[in-house]
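The structure under discussion appears below in the form of structure tokens.
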Ligand code: G3P
Ligand code: CA
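Residue numbers (this note's numbering): 70 to 355.
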């Protein structure tokens, strides 16, 4: 009996040690495995610290790194096709020039969307929205940003159609979130897709957002996703008090991730998913 009790004690000790090992930060401090597991890891424009933003390579890298979501920027071509690109022109991230909305899908897809980042990505093209949905549905969450939707009348309907066609508009189905800096667009989209969580993006000018403004956002939004530089404990608490979650953007260093862990946000939007999986400095509090 005593031997059995001792064996159980020994096994418990081994199990506890194994649980604690991954929670030890390189700095020697203990981190919270509970919080590490709960923090939602969103790969901004894919794992864009490792591969050219908004390309299939960047999304694949995020998937391999086990991010919870890829964040994608959706715009529309001249011929009404939904494409994934951040800027409203192709100048910065391709070898072409001109506005996205002035080029057909065929013209957009002839561009090299990878060489600007590194020659090894010279084959990368601008992906379509449907290509991303078909490749990653059920494999990784997709945080869909409608980028400059005022330039593309009807973009909310086209996004909704693509999701409904694939049965991706149901509650808790396939981890889809839609967000934008354009709040009118989010209200339109929420009316079309009431079961899909929506988010409002908030730049630095929202540092003094009031409770009344948060309450207004909460009438159609499930997320308040701000620039990380305006996040405080008070803001996190007030967003939560209105029933919304908060995923700040855009983390590019480990220190920035650590600060957001301390502020107890719900998710982190980052170019480097590894900073959200490993957050040395996080103090055990679970
Ligand atoms: O997801 C938040 C973030 O993507 C918003 O900023 O300019 O990178 O689209 P931006
Ligand atoms: Ca974005």
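We put the beta carbon where it would ideally sit given N, CA and C, even for glycine. Every value quoted in this text rests on a predicted model; they were computed, and no experiment measured them.
Can we count residue i as close to ligand 2, meaning its CB is less than 7 Å from some heavy atom?
| i | result |
| --- | --- |
| residue 214 | yes |
| residue 267 | no |
| residue 155 | yes |
| residue 114 | yes |
| residue 142 | yes |
May I ask whether a heavy atom of ligand 1 can be found less than 7 Å away from the beta carbon of residue i?
| i | result |
| --- | --- |
| residue 221 | no |
| residue 318 | yes |
| residue 401 | One cannot answer for residue 401 here, as it falls past the ends of the chain, which runs 70 to 355. |
| residue 270 | yes |
| residue 294 | yes |
| residue 139 | no |
| residue 338 | yes |
Mapping the DSSP letters down to three states, classify residue i as helix, strand or coil.
| i | result |
| --- | --- |
| residue 82 | Residue placement at residue 82 cannot be trusted, given a pLDDT of 40 that sits under 50; the coordinates are not used to answer. |
| residue 297 | helix |
| residue 89 | Note that residue 89 scores 35 on pLDDT, short of 50, meaning its location in the model is unreliable; the coordinates nonetheless yield the value given after this. Looking at residue 89 - three-state DSSP - the assignment turns out to be helix. |
| residue 250 | coil |
| residue 318 | strand |
| residue 312 | coil |
| residue 341 | coil |
| residue 284 | helix |
| residue 155 | coil |
| residue 197 | strand |
| residue 237 | coil |
| residue 150 | coil |
| residue 224 | helix |
| residue 116 | coil |
| residue 27 | Only positions 70 to 355 of the chain appear in the structure, and residue 27 is not among them; the question remains open. |
| residue 232 | helix |
| residue 138 | strand |
| residue 214 | strand |
| residue 273 | helix |
Residues in the same chain with beta-carbon distance under 6 Å from residue i, minus the five sequence neighbours each way, listed in chain order, please.
| i | result |
| --- | --- |
| residue 221 | 145 |
| residue 340 | 113, 117, 118 and 321 |
| residue 194 | 178 and 182 |
| residue 166 | 160 |
| residue 90 | Residue placement at residue 90 is flagged as unreliable, the pLDDT there being 33, under the threshold of 50; the coordinate-derived value follows with that caveat. Cβ neighbours of residue 90 beyond the five flanking positions: none. |
| residue 186 | 121 |
Measure the CB-CB distance between residue i and residue j and report whether it falls below 8 Å.
| i | j | result |
| --- | --- | --- |
| residue 320 | residue 329 | yes |
| residue 17 | residue 110 | The chain is shown from 70 up to 355; residue 17 falls before or after that span and cannot be answered. |
| residue 357 | residue 272 | As shown, the chain starts at 70 and ends at 355. That puts residue 357 outside it, with no answer to give. |
| residue 162 | residue 169 | no |
| residue 108 | residue 336 | yes |
| residue 318 | residue 338 | yes |
| residue 246 | residue 258 | no |
Apart from the five residues on each side of it in sequence, which residues of its chain come closer than 8 Å, Cβ to Cβ, to residue i?
| i | result |
| --- | --- |
| residue 208 | 132 |
| residue 199 | 151 and 231 |
| residue 205 | 128, 132, 139 and 211 |
| residue 225 | 215, 218, 254, 257, 258 and 261 |
| residue 315 | 292, 293, 294, 295, 300, 304, 305, 308, 309, 334, 335 and 336 |
| residue 123 | 114, 115, 117, 141, 142, 153, 154, 155, 162, 182, 195 and 196 |
| residue 251 | 215, 217, 218 and 219 |
Just to check my reading of the structure: residue i and residue j have Cβ atoms closer than 8 Å, yes? What is that Cβ distance to the nearest angstrom?
| i | j | result |
| --- | --- | --- |
| residue 262 | residue 294 | Wrong, their Cβ atoms sit about 18 Å apart, outside the cutoff. |
| residue 239 | residue 211 | Actually they are not in contact, since the Cβ atoms of residue 239 and residue 211 sit about 14 Å apart, beyond 8 Å. |
| residue 313 | residue 291 | 6 Å |
| residue 213 | residue 233 | Between residue 233 and residue 213 the Cβ distance is about 14 Å, and since that is not below 8 Å, they are no contact. |
Going by beta carbon distance, what residues of the same chain come within less than 7 Å of residue i, once the five residues before and after it are set aside?
| i | result |
| --- | --- |
| residue 184 | 164, 190 and 191 |
| residue 283 | 293, 307, 308 and 311 |
| residue 173 | 146, 147 and 148 |
| residue 288 | none |
| residue 342 | 110, 112, 116, 131, 134 and 136 |
| residue 325 | 297 |
| residue 302 | 332 |
| residue 278 | 271 |
Would you say the beta carbon of residue i comes nearer than 7 Å to a heavy atom of ligand 3?
| i | result |
| --- | --- |
| residue 316 | With respect to ligand 3, the structure offers nothing, as its ligand set consists of ligand 1 and ligand 2. |
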